[in-house]
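Input: a single structure, listed below in structure tokens.
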């Protein structure tokens, strides 16, 4: 059985061909994504490159994921920032969406306009526990209904308001789905129904809108969003299958041009004593996506998040030089820094900053409190201090001269001790960029996908260029 | 009867968990929909929970003597968050030492609390008064 997986990325279309019988990857190739004209051109080109590399082949099964044409762009709305707004964001991120922005409380007219400008594919409207607050979701439904942009809407808020919400959207002739509340009771998460609706809309509506209908006709399997494929691969590698064990807990980091994605496979229980758990319970496999941290399209906003003076002092690179590089990349997103140049150094430093910020937003936060019984801590989110492995996936890390230096941005630091970041993980790398491909393959043959992942994920050593030869065994805890 | 929602929890850095469980149990038995936030609950958490669940009242416990300090500003924050007029009830060992309870009640009244209860109050008393405040009888 020969499998061909295709990942239509925002910049590259990546092909991987797998021999199911020999249990090995026969080859990979990539070509520029040609979404603006005909997406098939890029695919054909990558396919012919692949055939040049490994010779003529016929595939039996074709599996496809896509983040082309901006990926699955979503906006999430909730009531309280730490409750339903957070739950809505989590639901969208775990469905593989690129969550551009999350809104809380009743949105203003200007916020509604901002949502229209974002031009999301789907808006997820949440708010209120079942039987709880209705006023805010109804007000927000009215505002969304008035938008001129034809985004689809999923309502996953207070069930007691669902009929009225449905009436509002029907009257405005909107495309919408009503589903179960993401937070039916206080602090109880129920994100699966909303995730399924997102998946359903992606297949019925988004694929067509993104010009992927022709591609969908090539395969019997449904096209899924690329981040969902990556999340599937992470869950498989971590938990294994019925027959084979996974590698256990880990964190995966994917820096892209537009977003930085963090995946954590861990229960995230507290690593210290005297801890009270606060806030929403988080899923074992958690994905967060930072739309303002990226190496090209979001480079300017990444820079806004950084203390440039401090960075310039600690690295010795003048701030003006960093600014110039960011401006240059902003004008020309295809720009590539020549190896061993100052630009390459700047890229590495900025990527590390993106990792640091994204991981800080992903992990749990400890807060100290003084009580008559002494000092205690509260934890909201996951404690990932003792996580054994951190895996770098995605082009920026894979192609870097010094991937460890970038990944080290995820490490715990005494100066910001409140973030429960990894203390001493081993660093691994998806050197062949196969995570998305294996996530797709896992839908058909999880056993094969798991064994390939274990084969291909390499341990990074400080002697960075030699990770391909490393024979060390992956530590599992 | 329309079910009423009550948010309850132990405020501040107070970790007394037993009484909190009893209160939540008794409120539930009395037919309330209970959102129990447990121990070490901040003012913000009470307010956020009340907002999402459209709560009818907030019932604050405090056993460790710092209750008066912990409760200061809760009414103002509720007003700010759009929970104007929500009944605020408090009970336990609200202040340090053996103080005249009438003085304490006066201070809590000024802080905008609807009712407060001295040490040793049974939960039935509070439930009866809560029903009266919410016009459930």
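Protein chains in written order, with my numbering: chain A, 1 to 477; chain B, 1001 to 1137. All C-beta atoms in this analysis are idealised placements derived from N, C-alpha and C, irrespective of residue type, glycine included.
How many whole angstroms separate the CB atoms of residue i and residue j, which I take to be in contact at a CB cut-off of 8 Å?
i, j, result
"residue 252 (chain A)", "residue 391 (chain A)", "4 Å"
"residue 84 (chain A)", "residue 182 (chain A)", "7 Å"
"residue 1045 (chain B)", "residue 186 (chain A)", "With a Cβ gap of about 10 Å, residue 1045 (chain B) and residue 186 (chain A) do not count as contacting."
"residue 1090 (chain B)", "residue 1108 (chain B)", "6 Å"
"residue 24 (chain A)", "residue 433 (chain A)", "Not confirmed; about 16 Å, so no contact."
Are residue i and residue j closer than 8 Å when you measure CB to CB?
i, j, result
"residue 287 (chain A)", "residue 261 (chain A)", "yes"
"residue 1023 (chain B)", "residue 1123 (chain B)", "yes"
"residue 435 (chain A)", "residue 230 (chain A)", "yes"
"residue 226 (chain A)", "residue 29 (chain A)", "no"
"residue 1050 (chain B)", "residue 1087 (chain B)", "no"
"residue 3 (chain A)", "residue 32 (chain A)", "no"
"residue 412 (chain A)", "residue 422 (chain A)", "yes"
"residue 107 (chain A)", "residue 140 (chain A)", "yes"
"residue 957 (chain B)", "residue 1043 (chain B)", "The requested residue 957 (chain B) is not part of the displayed model; chain B covers only 1001 to 1137."
"residue 459 (chain A)", "residue 430 (chain A)", "no"
"residue 410 (chain A)", "residue 444 (chain A)", "no"
"residue 125 (chain A)", "residue 137 (chain A)", "yes"
"residue 259 (chain A)", "residue 291 (chain A)", "yes"
"residue 1041 (chain B)", "residue 1017 (chain B)", "no"
Could you pull the DSSP bridge partners for residue i from this structure?
i, result
"residue 6 (chain A)", "A:15, A:64"
"residue 251 (chain A)", "A:264, A:390"
"residue 297 (chain A)", "Partner(s): none; residue 297 (chain A) has no beta bridge."
"residue 399 (chain A)", "Partner(s): none; residue 399 (chain A) has no beta bridge."
"residue 1115 (chain B)", "B:1089"
"residue 28 (chain A)", "A:16"
"residue 1036 (chain B)", "B:1008"
"residue 374 (chain A)", "A:371"
"residue 111 (chain A)", "Per DSSP, none; premise fails for residue 111 (chain A)."
"residue 220 (chain A)", "In DSSP, residue 220 (chain A) forms no bridge with anything."
"residue 1062 (chain B)", "B:1092"
"residue 458 (chain A)", "A:429"
"residue 380 (chain A)", "A:278, A:365"
Leaving out the 5 sequence neighbours to the left and right, which residues in its chain are closer than 8 Å to residue i when beta-carbon positions are compared?
i, result
"residue 414 (chain A)", "none"
"residue 1119 (chain B)", "1092, 1093"
"residue 299 (chain A)", "326, 329, 330, 350"
"residue 1006 (chain B)", "1027, 1032, 1033, 1034, 1035, 1055, 1056, 1057, 1058, 1059, 1130"
"residue 197 (chain A)", "154, 156, 177, 179"
"residue 191 (chain A)", "87, 90, 91, 94, 182, 283"
"residue 339 (chain A)", "401"
"residue 344 (chain A)", "337, 338, 401"
Does residue i come out as helix, strand or coil in the three-state DSSP assignment?
i, result
"residue 244 (chain A)", "coil"
"residue 85 (chain A)", "helix"
"residue 285 (chain A)", "strand"
"residue 195 (chain A)", "helix"
"residue 429 (chain A)", "strand"
"residue 118 (chain A)", "helix"
"residue 258 (chain A)", "coil"
"residue 153 (chain A)", "strand"
"residue 100 (chain A)", "strand"
"residue 184 (chain A)", "coil"
"residue 178 (chain A)", "strand"
"residue 230 (chain A)", "helix"
"residue 405 (chain A)", "helix"
"residue 452 (chain A)", "helix"
"residue 276 (chain A)", "strand"
"residue 1013 (chain B)", "coil"
"residue 312 (chain A)", "helix"
"residue 363 (chain A)", "coil"
"residue 125 (chain A)", "strand"
"residue 93 (chain A)", "helix"
"residue 332 (chain A)", "coil"
"residue 74 (chain A)", "strand"
"residue 444 (chain A)", "coil"
"residue 290 (chain A)", "strand"
Counting contacts by CB-CB distance shorter than 8 Å, is residue i in contact with chain D?
i, result
"residue 1136 (chain B)", "Looking at the structure shown, chain D is missing, and the protein chains on hand are A and B."
Which same chain residues, not among the five before or five after residue i, have their C-beta less than 7 Å away from its C-beta?
i, result
"residue 282 (chain A)", "268, 381, 382"
"residue 240 (chain A)", "246, 450"
"residue 174 (chain A)", "145, 153"
"residue 1026 (chain B)", "1123, 1127"
"residue 206 (chain A)", "72, 121"
"residue 89 (chain A)", "76, 99, 102"
"residue 1070 (chain B)", "1011, 1012, 1062"
"residue 470 (chain A)", "Only weak support exists for where residue 470 (chain A) lies, its pLDDT of 45 falling under 50; the coordinates are left without a value."
Ignore the nearest five residues each way along the sequence and tell me which others in residue i's own chain have a CB closer than 6 Å to its CB.
i, result
"residue 21 (chain A)", "none"
"residue 453 (chain A)", "237, 438"
"residue 233 (chain A)", "435, 438, 439"
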